[in-house]
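For the protein sequence lines, the chains are P and X, in the order given. For the first sequence, our numbering assigns the number 1 to the initial residue and increments by one for each residue that follows. For the second sequence, our numbering assigns the number 1 to the initial residue and increments by one for each residue that follows. Don't be surprised by glycine CBs; every beta carbon is placed ideally from N, CA and C.
Protein chains: 2
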Amino acid sequence: MARTVVDEQLFAGLRQGDRAALARAITLIESDRDADAPVAKTLIERCLPHSGDALRLGITGIPGVGKSTLIDALGLQFIAAGRRVAVLAIDPSSARTGGSILGDKTRMERLAQADAAFIRPTPTGGTLGGVARRTQETIVLCEAAGYDRILIETVGVGQSELDVDRMTDLNLLLMIAGAGDELQGIKRGIMEAADLIAFTKADGDAEARAARARTDLKNALTLLPPRDSGRHPDVLLTSAITGAGIADLHDRIDALHQEDVASGRTLRRRHEHNLFWMHRSLEESLVTALRNSARVNAALADLERAVQGGTKSPFQAAAELLDLFRKGGAPLL
Amino acid sequence: MARTVVDEQLFAGLRQGDRAALARAITLIESDRDADAPVAKTLIERCLPHSGDALRLGITGIPGVGKSTLIDALGLQFIAAGRRVAVLAIDPSSARTGGSILGDKTRMERLAQADAAFIRPTPTGGTLGGVARRTQETIVLCEAAGYDRILIETVGVGQSELDVDRMTDLNLLLMIAGAGDELQGIKRGIMEAADLIAFTKADGDAEARAARARTDLKNALTLLPPRDSGRHPDVLLTSAITGAGIADLHDRIDALHQEDVASGRTLRRRHEHNLFWMHRSLEESLVTALRNSARVNAALADLERAVQGGTKSPFQAAAELLDLFRKGGAPLL
Numbered sequence: 001m002a003r004t005v006v007d008e009q010l011f012a013g014l015r016q017g018d019r020a021a022l023a024r025a026i027t028l029i030e031s032d033r034d035a036d037a038p039v040a041k042t043l044i045e046r047c048l049p050h051s052g053d054a055l056r057l058g059i060t061g062i063p064g065v066g067k068s069t070l071i072d073a074l075g076l077q078f079i080a081a082g083r084r085v086a087v088l089a090i091d092p093s094s095a096r097t098g099g100s101i102l103g104d105k106t107r108m109e110r111l112a113q114a115d116a117a118f119i120r121p122t123p124t125g126g127t128l129g130g131v132a133r134r135t136q137e138t139i140v141l142c143e144a145a146g147y148d149r150i151l152i153e154t155v156g157v158g159q160s161e162l163d164v165d166r167m168t169d170l171n172l173l174l175m176i177a178g179a180g181d182e183l184q185g186i187k188r189g190i191m192e193a194a195d196l197i198a199f200t201k202a203d204g205d206a207e208a209r210a211a212r213a214r215t216d217l218k219n220a221l222t223l224l225p226p227r228d229s230g231r232h233p234d235v236l237l238t239s240a241i242t243g244a245g246i247a248d249l250h251d252r253i254d255a256l257h258q259e260d261v262a263s264g265r266t267l268r269r270r271h272e273h274n275l276f277w278m279h280r281s282l283e284e285s286l287v288t289a290l291r292n293s294a295r296v297n298a299a300l301a302d303l304e305r306a307v308q309g310g311t312k313s314p315f316q317a318a319a320e321l322l323d324l325f326r327k328g329g330a331p332l333l
Numbered sequence: 001m002a003r004t005v006v007d008e009q010l011f012a013g014l015r016q017g018d019r020a021a022l023a024r025a026i027t028l029i030e031s032d033r034d035a036d037a038p039v040a041k042t043l044i045e046r047c048l049p050h051s052g053d054a055l056r057l058g059i060t061g062i063p064g065v066g067k068s069t070l071i072d073a074l075g076l077q078f079i080a081a082g083r084r085v086a087v088l089a090i091d092p093s094s095a096r097t098g099g100s101i102l103g104d105k106t107r108m109e110r111l112a113q114a115d116a117a118f119i120r121p122t123p124t125g126g127t128l129g130g131v132a133r134r135t136q137e138t139i140v141l142c143e144a145a146g147y148d149r150i151l152i153e154t155v156g157v158g159q160s161e162l163d164v165d166r167m168t169d170l171n172l173l174l175m176i177a178g179a180g181d182e183l184q185g186i187k188r189g190i191m192e193a194a195d196l197i198a199f200t201k202a203d204g205d206a207e208a209r210a211a212r213a214r215t216d217l218k219n220a221l222t223l224l225p226p227r228d229s230g231r232h233p234d235v236l237l238t239s240a241i242t243g244a245g246i247a248d249l250h251d252r253i254d255a256l257h258q259e260d261v262a263s264g265r266t267l268r269r270r271h272e273h274n275l276f277w278m279h280r281s282l283e284e285s286l287v288t289a290l291r292n293s294a295r296v297n298a299a300l301a302d303l304e305r306a307v308q309g310g311t312k313s314p315f316q317a318a319a320e321l322l323d324l325f326r327k328g329g330a331p332l333l
């Protein structure tokens, strides 16, 4: 009962936009403690009806591209337009390394001081498969707390940016103008998941180079298939130092979002994504349950030896393990 | 009991190298009938101790590269060297289309008439996940029937060639010399899984072009990481029409195989592959069992609707489905 009271207090504080309550709620859903699970579940259920009105914007780019600095500048634009901004980070590697890509918020110092902004560092620890769940439940909490611009930062390397495309309404890809090799090091899939591309650090000596890179990239993009929206991503030039292009970037993002809400694309994507995550989560949980099954683990070493040595078919061994798992029943699972 | 007698006859015939018995045995392991499953299982168990001495060679290339014609010529070389040759085909798409990439054997007409050769068309029907199992169990049957050169043909598009690298000792990639675009259309992963590359149709006017393409490709290959063997693949020129390069190709394959057997690479790969297939098969079976669960299916539509509409968290819905599956017990699974 005490738990339920705390839950109600937490929910009320969160709905009033209390940042401490929001932070505590996020810590709760990130918790691996069994006792926290039912409280977290109830909280999410309470928040779900109050979520869904925000723009969920993915911001991807390789380390060093200037994500934090651009988010700082873009976030202030959103706030100036009357929005409340939450910044989250997805870093699947944090489950392994315990690292935080947001660091100490020093590169978002203006946004960190704004009343209408909430910055949440990457959670540390937890399982790899839990990153997607935690991120999406954090989005729900932030939206229920009144944030209507959710910026989800990812490192643009590996699987995370493809997963983030299944959590967001729009994706912004950040790039630096190099020596004509803009397409290098960026996987094709990442480019194809972008709704908008911005060159960062287009200032001083680098400005002319960025302008050329923009032209080259726009030409190259016509060779790729269009996004599910039917659009090829536009390419903008920005500088977080001079502020050039930031207001334009803000306006373009808002215009794309309005277009997608009006056309139904936003809702359609969210429906598809919700189903995707349900099935993905189910399959992952199942494999985890299997790996934790005492009966399976008791038989595994012998079967692995037989399979490795070629005296038992791998498919036969798999059938035997599945049998053990299914016969195991709840107590042993 | 009658089944056991048939099984013994089949096993004896297969061990004597009777091709009709081998064909019948393969049909048995390809069968989806429940009654055939225990017979097939026993047969594989009996054959396993008599398998493993063959060279398992993957042969990959895009449609039109001349796989069948080259296999015809290469297979005759193996037979001339005293080997018995089995030709299998992997075509994951056949599970969907019912198609056969080997067609009517007309492009392997010399091999099809040789006593020491056995050609098995792609199985039709069956589940997609079953393609790997059927192929590998067919390899075991062929080896137990005395075939010591197993050629496994794949279309080099999609996932199949990466799976075939987990079934074979060596992989031969076939390419045609085009207009300098040899690297186009071939995925990087396929190139990296090759132990040996052969240009086909290097005859007549195309011979000089193929020679240039060979030089270009050899240079390009030095930029890729070497194979797990530590080798970069060599590139050969062949013509199934003039016969040029076929004997050399045969000798190179045999030399690589002897090297790998001596170094332990062949055995190490097979151990790793067997474990891989056990785990892959287990996870696939588990997901299949879930999808076939009556309790899960009864709840699925309602949960999907709630998740799609955003009134229930996809992760919460997954947890409920997993709970239903695990509570379901054997009768409902």
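- Message: Here's the rule: buried if 16 or more other CB atoms are within 10 angstroms of the residue's CB, otherwise exposed. What is residue 298 of chain P?
- Response: Counting from one through the first sequence, the residue named residue 298 of chain P turns up at place 298. Its Cβ having fewer than 16 others within 10 Å, residue 298 of chain P is exposed.
- Any contact of the region 224 to 235 of chain X with the region 196 to 214 of chain X, i.e. 3+ C-beta pairs under 8 Å? yes
- Which residue from P:79, P:171, P:285, P:264 puts its Cα closest to that of residue 190 of chain P? Here residue 190 of chain P refers to the residue found at position 190 when the first sequence is read from its first residue. When only C-alpha atoms are compared, the closest one is P:171.
- Query: If we count the other Cβ atoms within 10 Å of its Cβ and call it buried at 16 or more, is residue 202 of chain P buried or exposed?
  - Reply: Here residue 202 of chain P refers to the residue found at position 202 of the first sequence. Under this definition residue 202 of chain P is a buried residue.
- Looking at the unbroken alpha helix (DSSP H) that takes in residue 278 of chain X, where does it start and where does it end? Reading the second sequence from its first residue, position 278 is the one you call residue 278 of chain X. Counting along the chain, the alpha helix (DSSP H) containing residue 278 of chain X begins and ends at 265 to 291.
- Query: Closest Cβ-Cβ distance between residue 270 of chain X and chain P: below 8 Å?
  - Reply: Here residue 270 of chain X is taken as the residue at index 270 of the second sequence, counted from 1. Residue 270 of chain X counts as touching chain P.
- Please check if any C-beta of chain X sits within less than 8 Å of the C-beta of residue 292 of chain P. Taking the first sequence and counting its residues from 1, the one referred to as residue 292 of chain P is at position 292. No, its Cβ sits nowhere closer than 8 Å to a Cβ of chain X.
- Grouping DSSP H, G and I as helix and E and B as strand, with all else coil, what is residue 107 of chain P? Taking the first sequence and counting its residues from 1, the one referred to as residue 107 of chain P is at position 107. The answer is helix: DSSP assigns residue 107 of chain P an H, G or I state.
- Inter-residue Cα distance where the pair is residue 12 of chain P and residue 142 of chain P: By 1-based counting over the first sequence, the position of residue 12 of chain P is 12. By 1-based counting over the first sequence, the position of residue 142 of chain P is 142. Distance between the alpha carbons of residue 12 of chain P and residue 142 of chain P is about 13 Å.
- Count the other CB atoms, across all protein chains shown, that sit within 10 Å of the CB of residue 312 of chain P; report buried if there are 16 or more and exposed otherwise. Counting from 1 along the first sequence, the entry for residue 312 of chain P is found at position 312. By the neighbour-count rule (16 or more Cβ atoms within 10 Å), residue 312 of chain P is buried.
- Extent of the continuous beta strand (DSSP E) to which residue 87 of chain X belongs: Along the second sequence, one-based indexing puts residue 87 of chain X at 87. Segment 85 to 90, the beta strand (DSSP E) holding residue 87 of chain X.
- Message: I'd like to know whether the C-beta atoms of residue 152 of chain P and residue 175 of chain P end up nearer to each other than 8 Å.
- Response: Looking up residue 152 of chain P in the first sequence gives position 152. Looking up residue 175 of chain P in the first sequence gives position 175. No, they are not a contact pair.
- Item | Counted within 10 angstroms of its Cβ, other Cβ atoms place residue 292 of chain X as buried (16 or more) or exposed | To locate residue 292 of chain X, count along the second sequence from 1; it is residue 292. So residue 292 of chain X counts as exposed.
- Query: Hey, out of P:261, P:73, P:284, whose CA is closest to residue 242 of chain P's CA?
  - Reply: Within the first sequence, the letter at position 242 stands for residue 242 of chain P. Considering only alpha carbons, the answer is P:73.
- Message: Let me see if you follow: with CB-CB separation under 8 Å, is residue 315 of chain P close to chain X or not?
- Response: Taking the first residue of the first sequence as position 1, residue 315 of chain P is located at position 315. For residue 315 of chain P, the answer is yes, since a Cβ of chain X falls inside 8 Å of its Cβ.
- Sub-8 Å separation of residue 305 of chain X and residue 325 of chain X beta-carbons: By one-based count along the second sequence, residue 305 of chain X stands at place 305. By one-based count along the second sequence, residue 325 of chain X stands at place 325. Against a cut-off of 8 Å, the Cβ pair of residue 325 of chain X and residue 305 of chain X comes out as no contact.
- Item | Partner residues on chain X for residue 311 of chain P, Cβ-Cβ distance less than 8 Å | Counting from one through the first sequence, the residue named residue 311 of chain P turns up at place 311. The answer, in chain order, is 48, 49.
- What are the boundary residues of the alpha helix (DSSP H) that includes residue 74 of chain X? Here residue 74 of chain X refers to the residue found at position 74 of the second sequence. First-last of the alpha helix (DSSP H) with residue 74 of chain X: 67 to 80.
- Buried or exposed: where does residue 302 of chain P fall if 16 or more other Cβ atoms within 10 Å of its Cβ makes it buried? Within the first sequence, the letter at position 302 stands for residue 302 of chain P. Exposed: under 16 other Cβ atoms inside 10 Å.
- Message: Looking at chain P, is there any beta carbon in it that lies within less than 8 Å of the beta carbon of residue 318 of chain X?
- Response: Numbered from 1 along the second sequence, position 318 holds the residue referred to as residue 318 of chain X. It does; some Cβ of chain P falls within 8 Å.
- Item | Rounded C-alpha distance that separates residue 14 of chain P from residue 20 of chain P | Position 14 of the first sequence holds residue 14 of chain P. Position 20 of the first sequence holds residue 20 of chain P. Near 8 Å, if we compare the C-alpha coordinates of residue 20 of chain P and residue 14 of chain P.
- Task: Work out the CA separation of residue 31 of chain P and residue 214 of chain X for me, nearest whole Å.
- Result: Position 214 of the second sequence, counting from 1, holds the residue named residue 214 of chain X. Position 31 of the first sequence, counting from 1, holds the residue named residue 31 of chain P. Distance between the alpha carbons of residue 214 of chain X and residue 31 of chain P: 58 Å.
- Item | Where the alpha helix (DSSP H) containing residue 211 of chain X begins and where it ends | As a first step, residue 211 of chain X is located in the second sequence; it is residue number 211 there, counting from the start. Where residue 211 of chain X is concerned, the enclosing alpha helix (DSSP H) stretches over 206 to 221.
- What's the gap between the Cα of residue 318 of chain X and the Cα of residue 281 of chain P? For the purposes of this step, residue 318 of chain X is taken as residue 318 along the second sequence, with counting starting at 1. For the purposes of this step, residue 281 of chain P is taken as residue 281 along the first sequence, with counting starting at 1. Roughly 6 Å separates the two Cα atoms.
- Message: Can you find the residues in the same chain that come closer than 7 Å, C-beta to C-beta, to residue 147 of chain P, ignoring five residues on each side of it along the sequence?
- Response: Residue numbering aside, residue 147 of chain P sits at position 147 when the first sequence is read from its first letter. Taken in chain order, the residues that qualify are 54, 84, 85, 86, 118.
- Message: So, for residue 140 of chain X: in the same chain, excluding its five sequence neighbours on each side, which residues have a beta-carbon less than 8 Å away from its beta-carbon?
- Response: Position 140 of the second sequence, counting from 1, holds the residue named residue 140 of chain X. Excluding its 5 nearest sequence neighbours in each direction, residue 140 of chain X has C-beta neighbours in its own chain below 8 Å: 44, 47, 48, 51, listed in chain order.
- Per-residue contacts from residue 263 of chain P into chain X (C-beta, under 7 Å): Here residue 263 of chain P refers to the residue found at position 263 of the first sequence. By Cβ distance, chain X contributes nothing, its closest Cβ being about 18 Å from residue 263 of chain P, past 7 Å.
- Query: Nearest CA to the CA of residue 114 of chain X: which residue from X:89, X:133, X:80, X:130?
  - Reply: Your numbering for residue 114 of chain X matches position 114 in the second sequence. Taking only the C-alpha atoms, the option nearest residue 114 of chain X is X:80.
- Query: Do the CB positions of residue 286 of chain P and residue 286 of chain X come within less than 8 Å of each other?
  - Reply: Locating residue 286 of chain P in the first sequence gives position 286, where the first residue counts as 1. Locating residue 286 of chain X in the second sequence gives position 286, where the first residue counts as 1. A contact, by the Cβ cut-off of 8 Å.
- Extent of the continuous beta strand (DSSP E) to which residue 62 of chain P belongs: Residue mapping note: residue 62 of chain P aligns to position 62 of the first sequence, counting from 1. Premise fails: residue 62 of chain P is in no beta strand (DSSP E) and is neither H nor E.
- Item | Heavy atom of the ligand FAD within 7 Å of residue 244 of chain X beta-carbon | Ligands displayed in this structure: none; no statement on the ligand FAD is therefore possible.
- Message: Please report the distance separating the alpha-carbon of residue 327 of chain P from that of residue 320 of chain P.
- Response: In the first sequence, residue 327 of chain P corresponds to position 327, counting from 1. In the first sequence, residue 320 of chain P corresponds to position 320, counting from 1. If you take the alpha carbons of residue 327 of chain P and residue 320 of chain P, they lie about 10 Å apart.
- Using a C-beta cutoff of 8 Å, does residue 94 of chain P count as contacting chain X? Looking up residue 94 of chain P in the first sequence gives position 94. Note that residue 94 of chain P has pLDDT 49, beneath the 50 cutoff, so the model's placement of it is unreliable and the number below is only indicative. Taking Cβ atoms only, chain X never reaches closer than 8 Å to residue 94 of chain P, which makes this a no.
- Query: If we ignore side chains and look at the alpha-carbon of each, how far apart do residue 36 of chain X and residue 29 of chain X end up?
  - Reply: Start at 1 with the first residue of the second sequence, and residue 36 of chain X comes out as number 36. Start at 1 with the first residue of the second sequence, and residue 29 of chain X comes out as number 29. As the crow flies, the alpha-carbon of residue 36 of chain X is around 8 Å from that of residue 29 of chain X.
- Task: Starting from the beta carbon of residue 297 of chain X, find every residue of chain P whose beta carbon is closer than 9 Å, and list them in chain order.
- Result: Along the second sequence, one-based indexing puts residue 297 of chain X at 297. Result: empty, since nearest Cβ-Cβ is about 13 Å, beyond 9 Å.
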